[in-house]
Amino acid sequence: MRQGFNFIAVWVLSLCAAPLASAANRLVTLGGPVTEIVYALGHGDEVIATDQSSTYPAAAAELPQVGYIRAISAEGVLAQEPDLILATDDLGPPAAAEQLAQGGVELVQIPTPRDRETLYAAIRAVAEVLGEEANAAEMIKGISQDFAEAAKIGNGHEAPRVVFLLAHFGGGRAAGRGTMGDGMLQLAGGQNVFGDFEGYKQVSEEAVLQENPDFVLVGVMPGMEDASRDRLLATVNLPTLAELPVEVVPLEISYYLSFGPRAGKAARDMAEMLYETSDTE
72 MRQGFNFIAV WVLSLCAAPL ASAANRLVTL GGPVTEIVYA LGHGDEVIAT DQSSTYPAAA
132 AELPQVGYIR AISAEGVLAQ EPDLILATDD LGPPAAAEQL AQGGVELVQI PTPRDRETLY
192 AAIRAVAEVL GEEANAAEMI KGISQDFAEA AKIGNGHEAP RVVFLLAHFG GGRAAGRGTM
252 GDGMLQLAGG QNVFGDFEGY KQVSEEAVLQ ENPDFVLVGV MPGMEDASRD RLLATVNLPT
312 LAELPVEVVP LEISYYLSFG PRAGKAARDM AEMLYETSDT E
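What the sequence shown shows, in my numbering, is residues 72 to 352, in sequence order.
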């Protein structure tokens with residue numbers, strides 16, 4: 072069912088962009104990347120509500136929230152009386168997404184960015200709706216420069232072996248191929264030791280130890296950035312690693328995994344962390 076209405080947004084953008092941009096002044100944005108892009112393109116003052124994944128910028132986090140991107144309240148969205156709903160295509164649950172698609176308000180879904188190319192596509196898609204194509208081109212140019220700088224940091228070095236784990240939704244889930252964690256690792260020049268499977272998957276201590284990683288990166292929610300090494304490893308169900316000489320680093324997911332306009336800087340920061348830490352060992 073989900074694929075049955077996703078095409079509405081992706082394929083008719085070129086037909087409806089100008090009318091939407093001129094008519095909409097009450098936007099609901101669902102999905103952190105979309106919210107960040109809308110604000111970065113200068114339309115933040117039109118946003119009236121967001122979802123729980125939209126934690127940046129601070130102004131967005133202060134708006135009414137209508138659930139989490141994969142657990143949206145359709146009634147809550149429609150109660151805001153928006154002119155336009157902009158969402159990533161992981162909008163859910165399917166029943167709520169379908170209700171929004173049939174709710175009498177224009178719903179535009181943007182493919183969820185997970186790497187360089189899908190990020191650029193998302194920026195262009197949102198910009199087309201808002202009539203901000205020129206600003207989007209400049210934004211992409213700046214992000215591309217940051218990605219290029221990130222790539223230079225690891226030049227001449229062997230790529231560090233990295234495990235990227237999430238510390239929420241049941242700790243110990245490793246980022247595999249096709250995830251935002253994997254996409255950011257590639258841009259930062261790290262080698263994802265669990266790139267042989269797709270999506271997020273629960274992994275055991277034995278599996279992590281067998282891969283002999285240089286880094287264990289733990290994606291954390293805001294407020295856990297300063298968590299101790301032992302606490303991080305306990306959170307992701309890997310307490311044994313506390314005795315091993317492996318770097319354990321907390322990474323705030325709304326920055327490193329948002330894949331919005333800040334993704335270039337996030338990749339550069341991750342590359343500096345991976346390679347500068349390696350150089351000091």
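Each residue gets a CB set at the ideal place from its N, CA and C atoms; glycine is no exception.
| message | Beta-carbon within less than 6 angstroms of Glu-269's beta-carbon, same chain only, minus the 5 sequence neighbours each way: which residues are those? | response | Gly-247, Arg-248 and Gly-249
**Q.** Nearest-angstrom Cβ-Cβ length linking Ala-298 and Pro-316, presumed shorter than 8 angstroms
**A.** Wrong, their Cβ atoms sit about 19 angstroms apart, outside the cutoff.
### Unbroken beta strand (DSSP E) run spanning Gly-213, endpoints
That residue, Gly-213, is in no beta strand (DSSP E); its alpha helix (DSSP H) goes 204-224.
- Can you check whether the CB of Ile-181 is closer than 8 angstroms to the CB of Asp-160? yes
Q.
Output needed for Cys-87: all residues of its chain with C-beta closer than 6 angstroms, excluding positions within five of it in sequence on either side, in chain order.
A. Any reading at Cys-87 needs caution, since the residue's pLDDT is 47, under 50, leaving its predicted position unreliable; the model's value is listed next. Contacts found: none.
Margin query: Can you tell me whether Thr-311 is buried or exposed? The criterion is at least 16 other CB atoms within 10 Å of its CB, across all chains shown.
Written below: Thr-311 comes out exposed.
Go through its chain and collect everything with a Cβ distance to Arg-187's Cβ below 7 angstroms, but skip five positions before and after it. Within the same chain, Cβ atoms closer than 7 angstroms to the Cβ of Arg-187 are found at Phe-218 and Leu-258, the five residues on either side in sequence being excluded.
Out of curiosity, what's the CA-to-CA distance linking Pro-165 and Ile-140? 11 angstroms
Exercise. Under a Cβ-count criterion, where at least 16 other Cβ atoms within 10 Å of its own Cβ denotes burial, should Pro-135 be classed as buried or exposed?
Worked result: exposed
*Strand pairing of Phe-235, partner residues [DSSP]*: Bridge partners of Phe-235: Leu-288.
Residue range of the alpha helix (DSSP H) that Thr-183 falls in? Looking at the DSSP string, Thr-183 is not in any alpha helix (DSSP H), and its letter there is neither H nor E.
Problem set entry | Which of helix, strand or coil DSSP assigns to Pro-90 | Low per-residue confidence applies at Pro-90: pLDDT is 46, beneath 50, and the placement is therefore not dependable enough to give any value.
Would you report the Cα separation of Gln-100 and Gly-243, rounded to the nearest angstrom? Position check: residue 100 holds Thr in this sequence, whereas Gln was assumed. Taking the Cα positions, Thr-100 is about 30 angstroms away from Gly-243.
### Message
Suppose you measure from the CA of Val-279 to the CA of Phe-286; what does that come to, to the nearest Å?
### Response
11 angstroms
- So what does DSSP say about Gln-151, is it helix, strand or coil? coil
Within this structure, are the beta carbons of Gly-102 and Ala-158 separated by less than 8 angstroms? yes
For this session: Return the chain-ordered ranges of every beta strand (DSSP E) run that is complete within the segment 316-346 and spans a minimum of 3 residues.
Result: 318-323
- Task: May I ask you to report which of helix, strand or coil DSSP gives Gly-252?
- Result: Of the three classes helix, strand and coil, the one that applies to Gly-252 here is helix, per DSSP.
List the DSSP bridge partners of Val-158. Contrary to the premise, residue 158 reads as Ala rather than Val in this sequence. Looking at the DSSP assignment, Ala-158 forms a beta bridge with Leu-101 and Gln-180.
At which residues does the beta strand (DSSP E) containing Ala-245 begin and terminate?
244-246
_I'd like to confirm the pairing. Which residues does DSSP put opposite Asn-48 in its beta bridges?_
Only positions 72 to 352 of the chain appear in the structure, and residue 48 is not among them; the question remains open.
### Query
In terms of alpha-carbon separation, which member of Asp-301, Asp-267, Arg-232 and Val-264 lies closest to Ala-238?
Asp-301
Self-check item: Residue span of the beta strand (DSSP E) that contains Gln-273, given as start and end
Solution: Residues 271-273.
- prompt: Are the segment 111-128 and the segment 195-208 touching, with three or more C-beta to C-beta distances below 8 angstroms?
  reply: Yes, the segment 111-128 touches the segment 195-208.
| field | Identity of the residues DSSP links to Gln-136 by a beta bridge | value | Thr-121
Which residue's Cα is closest to the Cα of Ala-196: Val-105, Arg-97 and Gly-294?
-> Val-105
My output table needs one value for Ala-298: the three-state DSSP class, helix, strand or coil.
coil
Practice item. Quick one: give me the first and last residue of the alpha helix (DSSP H) that Ala-278 is part of. Key: 276-282
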